[in-house]
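Asks: Before anything else, here's the structure in question.
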Amino acid sequence: MRTLIFRTVAPYLSTLMIVFSIFVLLRGHNEPGGGFIGGLIAASALAIYGIASGVAPVRRAIYFHPMNIAAFGVVLGAVAGVVSIFVGVPFMTGLWIYPVIFGVEVPLSTVLFFDIGVYFAVVGTIGSIALALEERDEI
Amino acid sequence: MAGPSEAAIDYSRAFVMEPLALADWLVIAPVPYCLIAGALLMMLRKNAELQAKAAIIGLIGLFVLCGALLAHVVENGPVTMTMGRWLPPFGISFTVDVLGAILAVTASIVAVACAIYAAEDVDTTGRRYGFFSFLFLMMAGVIGAFVTGDIFNLYVWFEVLLIASFGLQVLGSEDRQIDGATKYAFLNLIATTMFLVATGYLYGVFGTLNMADIAAQTRTIDDARPLYTLAALYLFAFGMKAAAFPVSFWLPASYHTPKVVVSALFAGLLTKVGIYALARTLLMLFPDQRDAFADVIAWAAMLTMLLGAFGALAQTDYRRLLGYLVVSGIGIMLAGIALATVEALSAAIFYALHSMVVMTALYVASGIAARIGKSFSMNDLGGLYRSNVLFAAMSLVLFFSVSGLPPFSGFWPKAMLVRASLDASASGLATIILLTGFLTTIAVGRVWAHAYWKPAPETMGTPAAAQMKMTSLLPLLALVALTVGFGVFPETLLQLSDSAAAGLLDPSAYIQSVFPAEGAVN
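Those protein sequences? They're chains S and D, same order as listed.
Going by my numbering, the residue at position 93 of the first sequence is 93; the numbering climbs one at a time, nothing skipped.
Numbering-wise, my numbering comes out as the position in the second sequence, counting from 1, plus 1000.
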């Protein structure tokens, strides 16, 4: 698989996929998309980069162990649900704030953070499986 | 997207508008607590030493949460929290009654004991592969199943605990573990599929998944015929999860393969979740259908008890024998569900709590015995009484307790069940319960005679571990103290299990808690 063309293209392709995965994640609240599918796209980006240039560079590039990323996602998702304890409404109630940043109203919500948690959980889990499989391939 | 300019919407038609008391958060608190703790421990998995300590402290915290939840429920009746503030039955409700709360408390006690034992039993590799993370994840599943008030959500928690249990089961990656895990996973998946099929059908019939809503509707429905199918499907699915005859064979085939502490956890928790789900669906959701199936359940109960007892008699492996005792205990709980009077159910619930504690303790005892004798086979074991008298005495207490001899906690529920079955003129059931007790006494008597009483065989070598540290006996000591304590002072537990049984048979308080104003919607 390590042809010159693939190795040259793979970093750009992976970068593009990661950016697209974030776009899909943020778009997901009202339109098709969301944390799960975004996470899958990002995990495929890691897998492609891994196929092209080996697993070690991928592990270096994402810095954290994929399992830790997944665990962080679970924590983020759970905490996003627990935030509502401070407002006196049940677990997982969507809470919104509308800060104005550079003159643009940006709706932020606990739902968004839950989705980001799902994103990390999926990236971590699928990424970890993909990298483990690719590592087995190299032996 | 809900913008600030759209404030004129009437939220009261979609949202629960009453402010939520902080105490009601106890309903949900154990579940995210377990998830967060498990995830944090996964991040800490490189630090094996810290992990065990953090897990033990974390599980003690879980016990405190569950205890507070039980106190809250005992004081105020069933408590409901509907996620995301949506009005039930549209939001997912968590509804806790005494039954769910007391099972959650017992589960957390079992988890604490297992975590303390695991601190010695699970090596660094096991910890790095996430033993404690899986433990917390499984606790999230188990407690989630006990507290949820939504039948599809119950399915989700079953999945969560199953996934965690698969992980726990293959920890160590030995051949026979994979073998046991395959049987366990495959047969559990069949049961899960049946559960899902039944739930899909149920949604088709009622258009709701909220258990309180369903319970209200089954009592007034015009055409009850589909409910018999539903009840039969649930009986099969949860009967398989609980390891009831004739779908019990997966349990003795898989429970002796994983690490001892994992067996102890499974024996204490997993089958009881099946029994809980069976009681919840058959007694609360489909009471008329349960009456129609009462004979089937009674036969399943009798055969499960006998199969377990005879299976235990036939074993020479300490851990395999315990697997059969788990099955036999399930039969006794099923007998309570078959009779379905307040007394019988109360006895079944009491027995479930007793069984959680005692079966876990017995597996821990088998692990300690194997640590001293380097084997689980009763032929190779011997002289345990000599090598550690305290340990032997505690084992004897557990043997008496699991056989149902006074003054330990196994005695009361069995006595109550015998009386309840005689009251219901089900003398067959009463006979089998007594016979099972007798056979169990012989089976554990054999363990005592072979592993503890007989002189140590040459092959066992010198009992080096005889001077065991007190800490390794600590979890066993705590569990034994519980079974003795509830054997000698059963009143508190009896009151709790009585009110849990009454709540199952008459769910009006449960329904009231989910739909406070109008009784039930629709």
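Note that CB positions come from ideal geometry on N, CA and C, so glycine has one too.
Going along the chain, which residues of its own chain have a beta-carbon closer than 6 Å to the beta-carbon of D/H1072, five neighbours each way excluded?
Replies: A1023, L1026.
Asks: Ignoring anything shorter than 4 residues or poking outside the segment 47–127 of chain S, list the alpha helix (DSSP H) runs there in chain order.
Replies: Listed in chain order, the complete alpha helix (DSSP H) runs (minimum 4 residues) inside the segment 47–127 of chain S are 55–62, 66–82.
Asks: Alpha carbons only, please: which of D/R1013, D/V1342, D/A1301 is nearest the one belonging to D/V1327?
Replies: Ranking the options by Cα distance to D/V1327, first place goes to D/A1301.
Asks: Can you find the residues in the same chain that come closer than 6 Å, C-beta to C-beta, to D/Y1228, ignoring five residues on each side of it along the sequence?
Replies: Correct list, in chain order: Q1289.
Asks: Select from D/M1416, D/D1498, D/V1358 the residue whose C-alpha is nearest the C-alpha of D/L1477.
Replies: Ranking the options by Cα distance to D/L1477, first place goes to D/V1358.
Asks: Is it true that the segment 1241–1256 of chain D meets the segment 1201–1215 of chain D, where meeting means three or more beta-carbon pairs spaced less than 8 Å apart?
Replies: Touching, no, given that fewer than three Cβ pairs across the two stretches are closer than 8 Å.
Asks: Are the segment 1384–1397 of chain D and the segment 1317–1337 of chain D in contact at 8 Å, needing three or more beta carbon pairs?
Replies: Counting Cβ pairs under 8 Å, fewer than three are found: no touch.
Asks: Exposed or buried, D/S1108, counting other C-beta atoms within 10 Å across all chains shown (16 or more means buried)?
Replies: Classification for D/S1108: buried.
Asks: When DSSP labels each residue in this structure, what does D/T1316 get in the three-state scheme?
Replies: D/T1316: coil per DSSP, three-state reduction.
Asks: According to the neighbour-count rule (16 or more other Cβ atoms, all chains shown, within 10 Å of its Cβ), is D/L1020 buried or exposed?
Replies: It is buried - the Cβ of D/L1020 has at least 16 other Cβ atoms within 10 Å.
Asks: How big is the Cα-Cα spacing for S/L131 and S/I62?
Replies: For S/L131 and S/I62, the distance between alpha carbons rounds to 12 Å.
Asks: By the criterion of Cβ-Cβ separation under 9 Å, what are the contact partners of D/I1036 in chain S?
Replies: The contacting residues are V74, V75, A78, V79, V82.
Asks: Could you spell out the range, first to last residue, of the beta strand (DSSP E) harbouring D/S1093?
Replies: First-last of the beta strand (DSSP E) with D/S1093: 1093–1096.
Asks: As a quick exercise: from S/G88, S/G103, S/M92, S/S128, pick the residue whose alpha carbon is nearest that of S/L112.
Replies: Closest by alpha carbon: S/M92.
Asks: Quick one: does D/T1125 have its CB under 9 Å from some CB of chain S?
Replies: No, no contact with chain S.
Asks: Run through DSSP, which three-state label would D/S1248 get?
Replies: D/S1248 falls in the coil class under three-state DSSP.
Asks: Against chain D, which members of the segment 85–101 of chain S pass a CB distance test of less than 8 Å?
Replies: Against chain D - using a Cβ distance shorter than 8 Å - the residues of the segment 85–101 of chain S are I85, G88, V89, P90, F91, M92, T93, G94, W96, Y98.
Asks: Give the straight-line distance between the Cα atoms of D/G1167 and D/P1457, rounded to the nearest whole angstrom.
Replies: For D/G1167 and D/P1457, the distance between alpha carbons rounds to 36 Å.
Asks: Would you mind reading off the limits of the alpha helix (DSSP H) that contains D/V1016?
Replies: First-last for D/V1016: undefined, no H or E at that position.
Asks: Under DSSP, the beta strand (DSSP E) around D/T1080 begins and ends at which residues?
Replies: Residues 1079–1082.
Asks: Less than 9 Å between the C-beta atoms of D/A1347 and D/L1099, yes or no?
Replies: Going by C-beta atoms, D/A1347 is not nearer than 9 Å to D/L1099.
Asks: Helix or strand or just coil, what does DSSP make of D/T1148?
Replies: Strand, per DSSP.
Asks: Quick check on D/S1497: does DSSP put it in helix, strand or coil?
Replies: Helix, per DSSP.
Asks: Terminal residues of the continuous alpha helix (DSSP H) containing D/F1266?
Replies: Its alpha helix (DSSP H) spans residues 1260–1279.
Asks: Around the C-beta of D/L1235, are 16 or more other C-beta atoms found within 10 angstroms, so that it is buried, or is it exposed?
Replies: Result: buried.
Asks: Helix, strand or coil for D/S1377? Go by DSSP, reduced to three states.
Replies: DSSP places D/S1377 in strand when its eight states are reduced to three.
Asks: Starting from D/P1413, follow the alpha helix (DSSP H) in both directions and report where the run begins and ends.
Replies: Counting along the chain, the alpha helix (DSSP H) containing D/P1413 begins and ends at 1411–1423.
Asks: Nearest chain D C-beta to S/A56 closer than 9 Å, yes or no?
Replies: Judged by the 9 Å Cβ criterion, S/A56 is not in contact with chain D.
Asks: Opposite D/W1086 in the DSSP bridges: which residues?
Replies: Looking at the DSSP assignment, D/W1086 forms a beta bridge with D/F1015.
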